[in-house]
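**Student:**
Protein chains: 2
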Amino acid sequence: MTKASGRRSRRPTMVDVAREAGVALSTVSRVVNADPTVGAEFARRVQTAIDTLGYRPDEQAQQLRRGTSRTIGVAVREMSARNPLMAEFERGAYASGLTVFAASTADNEERERAVVLSMARRGFDGVLVEPIGPDHSYLAPEMAAGLAVVAIDRPITGPATDAVLADNAAGIRMAYRQLADHGHTRIAYIGDHERIFTARERADAFRACLRADGRPVTDMVHPGETEQARISEALRAVLSTESPATALVCGNVTTTFGVLTHLAAEVPRDQRPAIVGFDDFPLAGLLDPPMTVIAQDSPAMAHAALELMTARLAEPERGPEWVTVPVRLIARGSGERGPVVA
Amino acid sequence: MTKASGRRSRRPTMVDVAREAGVALSTVSRVVNADPTVGAEFARRVQTAIDTLGYRPDEQAQQLRRGTSRTIGVAVREMSARNPLMAEFERGAYASGLTVFAASTADNEERERAVVLSMARRGFDGVLVEPIGPDHSYLAPEMAAGLAVVAIDRPITGPATDAVLADNAAGIRMAYRQLADHGHTRIAYIGDHERIFTARERADAFRACLRADGRPVTDMVHPGETEQARISEALRAVLSTESPATALVCGNVTTTFGVLTHLAAEVPRDQRPAIVGFDDFPLAGLLDPPMTVIAQDSPAMAHAALELMTARLAEPERGPEWVTVPVRLIARGSGERGPVVA
DNA sequence: TAACGCGAAAATAACGTTTTCTCAAAGCAT
DNA sequence: ATGCTTTGAGAAAACGTTATTTTCGCGTTA
């Protein structure tokens, strides 16, 4: 150790290496960047100095100078929710030599702005964002300055960006169809608040299903907050009328959990409605009955997102592209029960 | 717009603002940093220029110059697993004016090294890391150079760092005690591979419980990989002897899922063993029977981690500190069933 | 032998900030 | 009016890199 236990050892810099090797600063840089024009003897000397000093380049300074960071940021509402997607995206990005950093927006519009802007100011080359609010005009100058933006799960309003979306409408239709095919005529929908894009798409698709079957829409579609109280209220509304719903479509996984919780506590097992939930989740198959769900294809979405991101990094001027990824129904039981004969 | 639709608009810089306002570069800096020595008229002029140009400081350059970033990195094995903890940590950090970026290490030792090192090279002030491998000597120079390191869930071997740990041994004892108190005398443990710190602590604690009760340890403790096949194998081993286990302790949530999956598929409902699982999970209460678990106090752990982090940022020379956070048993049913009378 | 290339290393100018240092003008007491 | 402190703005030097330009030694050729 050279000066190991000094009170506080500054990180060695290129200048230190140059001094140690007795060469010019720029020669060190050339060695570090494997410039072929550097002589063998010099390269050796510099490398030795690098090793003894334990030098490693300061990525921050590199990025400032180079103007590119090969780093992309992920701004999602909550880290866990989109997790299979993030994991897949991260793996793929890493394989392409990109670094990925994630931050959560806590479902807060202002926080999203702060997070994304901070990423841009740090020289991130791109951001994958699960957009929240209705206004994303703050992105325009960043995009003009070269930030690659890809929206996931919902499109961005304002500047036109790439986007990866799930086929929400098709998923809802599959759920509805599955229940209808098993004899249900009173099917209700409970989901997230329609201020959220996906929730709106799903609720709208569900209304369209009802209308297509010539069934009344009123009282059967219950979007709203995903708090337990609201969900319980909606459930009571659809289950305790004179002609109660015999089947439910849940708009997202939070709603599904809320519905299951309510039913377990308040409704006798043999009187529970059939259910199809949007979004798969662990243990879905171990519930009683096992949950039938509409599953999003997270790996495919992650792959598409990475594809769009790298394409845009390579060619910033290309037109924005939207990719819709199919969903599929996983029948496990809860959606295949017929109506309870009251 | 000044030069909006130009092919590619460079981000405005302090120099641009200075030119626009007709002042010196340093004056702009003083205005941005609210230096009180700047005259009112100048401040106004600069502010106007900032607004019209849409200037925002380049955090990268700021950090390079200041030598500090008020950013801390989180390197965890998987984003979802530690999520409640991360969410809480992020919230707290944000409230303290810190920015948090997360990256996953994919349970890969080399990847952890790359991620953490990259964070250090980018000028992150601290890292919260869920350590993987046995050797963390690579951290020593970084810590010497001022990187604040806090370990979560497991301690770091090599350089001495702060750490936040769950009280694994106490948790296992509670689980064992609960089952023993309900009449079980044949209790088995299935958990993660002992190369992982927490898994080793838990398996050891379980062995200690058996010994304390004067029970044989052999064949009742099954640490190993958490793949379904291995778990099933272990289960068959403990359940199909002549005096089979009547109760199980699962070492982590992955194991719990594997065990539940196996039992659901292969063992008739009325012959299933009692179970207590380490780590709580969503829907645990909706299973049949509802799962009794040892729950870690994620908010408390996050809080402790943030506490340690800020303390170290403020006082880098302080001695390393370990915090052990208590766990608690949540009795829901699966752990309160008596032995099956065969 | 002087001019000329040429290869390879050194010097230097950025990148966008912050901070230290200068220095002019203004204020004020003598 | 003179000298001395304030005040506040501008100039310039960092921070650790990379990219461009200069310099220099040396073998070729006219």
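Residue numbers (the numbering used here), protein chains in the order written: chain A, 13 to 354; chain B, 13 to 354. Note that the Cβ used here is the ideal one computed from N, Cα and C, for glycine as well.
Secondary structure at residue 208/A, three-state DSSP: helix, strand or coil?
**Tutor:** Residue 208/A: coil per DSSP, three-state reduction.
**Student:** Nearest-angstrom Cα distance between residue 120/B and residue 145/B?
**Tutor:** Using only the alpha carbons, I get a separation of about 8 Å.
**Student:** Starting from the beta carbon of residue 153/B, find every residue of chain A whose beta carbon is closer than 8 Å, and list them in chain order.
**Tutor:** Result: 21, 23, 66.
**Student:** Expressed to the nearest angstrom, what Euclidean distance is found between the alpha-carbon atoms of residue 191/B and residue 266/A?
**Tutor:** Their Cα atoms are separated by approximately 32 Å.
**Student:** From the beta carbon of residue 290/B, is the nearest beta carbon of chain A less than 9 Å away?
**Tutor:** No, no contact with chain A.
**Student:** Considering residue 108/B, what are the terminal residues of the alpha helix (DSSP H) in which it resides?
**Tutor:** No alpha helix (DSSP H) holds residue 108/B; DSSP gives it neither H nor E.
**Student:** Give the interface partners of residue 264/B over in chain A, defined as CB-CB distance under 9 Å, in chain order.
**Tutor:** Under the 9 Å cutoff, chain A gives no residues; its nearest Cβ is about 14 Å from residue 264/B.
**Student:** Looking at the unbroken alpha helix (DSSP H) that takes in residue 60/A, where does it start and where does it end?
**Tutor:** From DSSP, the alpha helix (DSSP H) with residue 60/A extends over 52 to 65.
**Student:** Of all Cβ atoms in chain A, is any one closer than 9 Å to the Cβ of residue 310/B?
**Tutor:** By this cut-off, residue 310/B is not an interface position.
**Student:** So residue 178/B is in the beta strand (DSSP E); what residue range does that whole segment cover?
**Tutor:** From DSSP, the beta strand (DSSP E) with residue 178/B extends over 174 to 178.
**Student:** Taking residue 311/B as part of the alpha helix (DSSP H), name the residues at either end of that continuous run.
**Tutor:** 310 to 326 is the span of the alpha helix (DSSP H), which, as asked, contains residue 311/B.
**Student:** Evaluate residue 272/A with the Cβ neighbour count: other Cβ atoms within 10 Å of its Cβ, from every protein chain shown; 16 or more gives buried, anything less gives exposed.
**Tutor:** So residue 272/A ends up on the buried side.
**Student:** Distance cutoff 9 Å, beta carbons only. Does residue 28/B sit that close to anything in chain A?
**Tutor:** For residue 28/B, the answer is no, since every Cβ of chain A falls outside 9 Å of its Cβ.
**Student:** If you scan the region 200 to 266 of chain A from start to end, which runs of the alpha helix (DSSP H) of 4 or more residues do you find wholly inside it?
**Tutor:** If we require 4 residues or more, the alpha helix (DSSP H) runs fully inside the region 200 to 266 of chain A come out as 209 to 224, 240 to 251.
**Student:** Please say whether residue 161/A and residue 169/A have beta carbons closer to each other than 9 Å?
**Tutor:** No. Outside cutoff.
**Student:** Whose Cβ in chain B lies nearer than 9 Å to the Cβ of residue 110/A?
**Tutor:** Correct list: empty, because the minimum Cβ distance to chain B is about 11 Å.
**Student:** What whole-angstrom Cβ distance do residue 289/A and residue 305/A have, given they're in contact under 8 Å?
**Tutor:** With 8 Å as the limit, residue 289/A and residue 305/A qualify as a contact, their Cβ atoms being about 5 Å apart.
**Student:** Nearest chain B C-beta to residue 1/A closer than 9 Å, yes or no?
**Tutor:** Beyond the ends of chain A as shown, which are 13 and 354, falls residue 1/A; an answer cannot be given.
**Student:** Check whether the Cβ of residue 96/A lies closer than 9 Å to any Cβ atom in chain B.
**Tutor:** By this cut-off, residue 96/A is an interface position.
**Student:** Using CA coordinates, which residue listed in 342/A, 345/A, 316/A is at the minimum distance from residue 333/A?
**Tutor:** Checking every option, the nearest Cα to that of residue 333/A belongs to 316/A.
**Student:** Using DSSP bridges, identify the partner residues of residue 340/A.
**Tutor:** Answer is 307/A, bridged to residue 340/A.
**Student:** Residue 102/A touches chain B at which residues, Cβ-Cβ below 7 Å?
**Tutor:** Under the 7 Å cutoff, chain B gives 116.
**Student:** Scan the region 53 to 78 of chain A for residues whose Cβ lies nearer than 8 Å to a Cβ of chain B and list them as they occur along the chain.
**Tutor:** Taking 8 Å as the Cβ-Cβ cut-off against chain B, the residues of the region 53 to 78 of chain A that qualify are 66, 68, 69, 70, 71, 72, 73, 75, 76.
**Student:** Would you say residue 284/A faces chain B, with C-beta separation under 9 Å as the test?
**Tutor:** Taking Cβ atoms only, chain B never reaches closer than 9 Å to residue 284/A, which makes this a no.
**Student:** Can you tell me where the alpha helix (DSSP H) holding residue 127/B begins and where it ends?
**Tutor:** It spans 121 to 133 - the alpha helix (DSSP H) in which residue 127/B sits, taken as one unbroken run.
**Student:** If we cut at 9 Å on Cβ distances, does residue 85/A have a partner in chain B?
**Tutor:** Interface residue, yes.
**Student:** Does any residue of chain B bring its CB to less than 9 Å from the CB of residue 147/A?
**Tutor:** So, not an interface residue.
**Student:** How far does the beta strand (DSSP E) with residue 46/B in it reach, from first residue to last?
**Tutor:** Where residue 46/B is concerned, there is no enclosing beta strand (DSSP E), given that its DSSP letter is neither H nor E.
**Student:** Identify the residues that DSSP records as bridge partners of residue 85/B: which are they?
**Tutor:** 113/B, 139/B, per the DSSP bridge assignment.
**Student:** Is the beta carbon of residue 137/A less than 9 Å from the beta carbon of residue 80/A?
**Tutor:** Cβ distance < 9 Å, so residue 137/A and residue 80/A count as in contact.
**Student:** Using a Cβ-Cβ distance cut-off of 9 Å, determine whether residue 130/A contacts chain B.
**Tutor:** Yes, because at least one Cβ of chain B sits closer than 9 Å to the Cβ of residue 130/A.
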